[in-house]
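What follows is a single structure, written as structure tokens, with notes after it.
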Amino acid sequence: MNGGKTAVIVLGWNGAADTLACLASLAKVRQPAFTVILADNGSTDGTVGLVRQAFPEVEILELGRNLGFAAGNNAAFRSLRGRGFDRVVFLNNDTVVDPGFLQPLLDELQKPWVGIAAPKILYMDDPGRIWYAGGVLESATGLIEHTGIRQPDGPRFDTPEPVWYATGCCLAMRCRVFEEVGGFDERFRMYGEDVDLSMKVRERGLIVMYQPASRIWHRVSASSGGEMNLGKQLRKSGAAMMLFAKHGMIGGLVLYPLLLPFRALLGLLRFQFFRWTSSQEREEA
Numbered sequence: 001m002n003g004g005k006t007a008v009i010v011l012g013w014n015g016a017a018d019t020l021a022c023l024a025s026l027a028k029v030r031q032p033a034f035t036v037i038l039a040d041n042g043s044t045d046g047t048v049g050l051v052r053q054a055f056p057e058v059e060i061l062e063l064g065r066n067l068g069f070a071a072g073n074n075a076a077f078r079s080l081r082g083r084g085f086d087r088v089v090f091l092n093n094d095t096v097v098d099p100g101f102l103q104p105l106l107d108e109l110q111k112p113w114v115g116i117a118a119p120k121i122l123y124m125d126d127p128g129r130i131w132y133a134g135g136v137l138e139s140a141t142g143l144i145e146h147t148g149i150r151q152p153d154g155p156r157f158d159t160p161e162p163v164w165y166a167t168g169c170c171l172a173m174r175c176r177v178f179e180e181v182g183g184f185d186e187r188f189r190m191y192g193e194d195v196d197l198s199m200k201v202r203e204r205g206l207i208v209m210y211q212p213a214s215r216i217w218h219r220v221s222a223s224s225g226g227e228m229n230l231g232k233q234l235r236k237s238g239a240a241m242m243l244f245a246k247h248g249m250i251g252g253l254v255l256y257p258l259l260l261p262f263r264a265l266l267g268l269l270r271f272q273f274f275r276w277t278s279s280q281e282r283e284e285a
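Going left to right, the sequence shown walks through residues 1 to 285 as the UniProt record's numbering numbers them.
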């Protein structure tokens, strides 16, 4: 595998400035060698032309319309077939990567028991704060949650370890494994497809490995209060119920809707506590 080819698939729909920033950060990754493929979900803001001008070395796959996350990434992956690629990284376009982000992920994929490798992900608007440092999934209660979300980065998030799931924001796989598990399930229109992919990998006896030596930053606001966005929470809840039904998680099917109001309240309280502590930190600074 050391001599194999690696593709980094960047899926985007509009957001030209984000895409250009993401590609600029990838251009600073000198080793190991890899091919960048921009899978464009029918952008209407001139993204494709701007990328062609600024990054002529980037391959562009124009999908013509917004296929969504799962179908868009699957289509981009199909374009790799027959070209000698044996590793693939799926990366959101609203990210910026550390110049050394790639090698630690590929090192994990050298281990035959690792099915997915995932980096440490931090907030771009608060670069010392965790967005993802692993994922927890409790089948008995239906809890699905990023480890460390909104917490300050620190040594306790610096240990590589198996986790329940990787986030689709950035994950690396061997192409063969992605093929064997059937790729992303396109029935998940928004949310859940990354957890489902992780579960399919785990069901094959492989592990999902969190590797904090690999770092990226995600353009999502730590202070946006996603817990209070009703539409977002409803979409997440629908995806979670679909996930539990697909994988036979009876406890999740029963308890998730019952516990949802309490989780929403807890999430709101945690968010308000985060805002209060952040304001205290700013005052002390």
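For each residue, glycine too, the CB sits at the ideal point set by N, CA and C.
- request: Determine the direct distance from the alpha carbon of Val163 to that of Leu91, and round the result to whole angstroms.
  value: By one-based count along the sequence shown, residue 91 stands at place 91. By one-based count along the sequence shown, residue 163 stands at place 163. Their Cα atoms are separated by approximately 19 angstroms.
message: Tell me the rounded alpha-carbon separation between Ala17 and Glu193.
response: Here residue 17 is taken as the residue at index 17 of the sequence shown, counted from 1. Here residue 193 is taken as the residue at index 193 of the sequence shown, counted from 1. Their Cα atoms are separated by approximately 26 angstroms.
task: Tell me, to the nearest whole angstrom, how far the beta carbon of Leu11 is from that of Ala39; I am working on the premise that it is less than 8 angstroms.
output: Position 11 of the sequence shown, counted from the first residue, corresponds to residue 11. Position 39 of the sequence shown, counted from the first residue, corresponds to residue 39. Sure, about 5 angstroms apart at Cβ, within 8 angstroms.
query: With contact counted as at least three CB pairs below 8 angstroms, one residue from each stretch, are the stretch 83-100 and the stretch 58-68 in contact?
result: no
field: Beta bridge counterpart(s) of Leu11 as assigned by DSSP
entry: Translated into the one-based positions of the sequence shown, residue 11 becomes position 11. According to DSSP, Leu11 bridges with Ala39 and Asn92.
task: Below 8 angstroms on the Cβ atoms is my guess for Val51 versus Leu23; work out the distance and round it to an integer in Å.
output: As a working mapping, residue 51 is identified with position 51 in the sequence shown. As a working mapping, residue 23 is identified with position 23 in the sequence shown. The C-beta separation of Val51 from Leu23 comes to about 7 angstroms, placing the pair in contact by the 8 angstroms criterion.
- request: Take every Cβ of the stretch 194-211, pair it with every Cβ of the stretch 102-116, and state whether three or more of those distances are shorter than 8 angstroms.
  value: yes
task: Less than 8 angstroms between the CB atoms is what I'm expecting for Ile149 and Trp131, so what's the real figure, rounded?
output: Your numbering for residue 149 matches position 149 in the sequence shown. Your numbering for residue 131 matches position 131 in the sequence shown. Between Ile149 and Trp131, the beta carbon gap of about 6 angstroms places them in contact (Cβ cut-off 8 angstroms).
message: Measuring CB atoms only, is the stretch 179-193 touching the stretch 64-80, in the sense that at least three cross pairs come out at less than 8 angstroms?
response: yes
Through-space distance from Ala166 to Thr147, alpha-carbon basis: For the purposes of this step, residue 147 is taken as residue 147 along the sequence shown, with counting starting at 1. For the purposes of this step, residue 166 is taken as residue 166 along the sequence shown, with counting starting at 1. So the two alpha carbons sit approximately 11 angstroms from each other.
Residue nearest to Gly128 in terms of C-alpha spacing, selected from Ile216, Ser43 and Phe34: As a position in the sequence shown, residue 128 is number 128, starting the count at 1. The shortest C-alpha separation from Gly128 is found at Ile216.
query: Alpha carbon to alpha carbon, what distance is there between Glu138 and Leu20?
result: Reading the sequence shown from its first residue, position 20 is the one you call residue 20. Reading the sequence shown from its first residue, position 138 is the one you call residue 138. The alpha-carbon separation between Leu20 and Glu138 amounts to approximately 37 angstroms.
task: Output the boundary residues of the alpha helix (DSSP H) element that contains Met199.
output: Here the question's residue 199 lines up with position 199 in the sequence shown. Counting along the chain, the alpha helix (DSSP H) containing Met199 begins and ends at Glu193 to Glu203.
- prompt: Does DSSP put Thr147 in a helix, in a strand, or in coil?
  reply: Position 147 of the sequence shown holds residue 147. Three-state DSSP puts Thr147 in coil, outside helix and strand.
message: So, with DSSP's three-state summary, where would you put Ser214?
response: Start at 1 with the first residue of the sequence shown, and residue 214 comes out as number 214. Ser214 falls in the strand class under three-state DSSP.
field: Residues that DSSP places opposite Thr6 in a beta bridge
entry: Here residue 6 refers to the residue found at position 6 when the sequence shown is read from its first residue. DSSP, once it has assigned bridges, lists Arg87 as partnering Thr6.
message: For the alpha helix (DSSP H) containing residue 290, name the first residue and the last one.
response: A query on residue 290 cannot be resolved here, the shown segment of the chain reaching from 1 to 285 and no further.
message: Give me the residue from Ala133, Cys170, Leu106 and Val29 with the minimum Cα distance to Pro155.
response: Taking the first residue of the sequence shown as position 1, residue 155 is located at position 155. Ranking the options by Cα distance to Pro155, first place goes to Ala133.
message: Checking 8 angstroms against the spacing of the C-beta atoms, do Leu106 and Pro212 come in under that value?
response: Taking the first residue of the sequence shown as 1, we reach residue 106 at position 106. Taking the first residue of the sequence shown as 1, we reach residue 212 at position 212. No. Outside cutoff.
message: Given this structure, state the Cα-to-Cα distance separating Lys5 from Trp13, to the nearest angstrom.
response: Within the sequence shown, numbered from 1, the residue matching residue 5 stands at position 5. Within the sequence shown, numbered from 1, the residue matching residue 13 stands at position 13. Between Lys5 and Trp13, the C-alpha separation is close to 26 angstroms.
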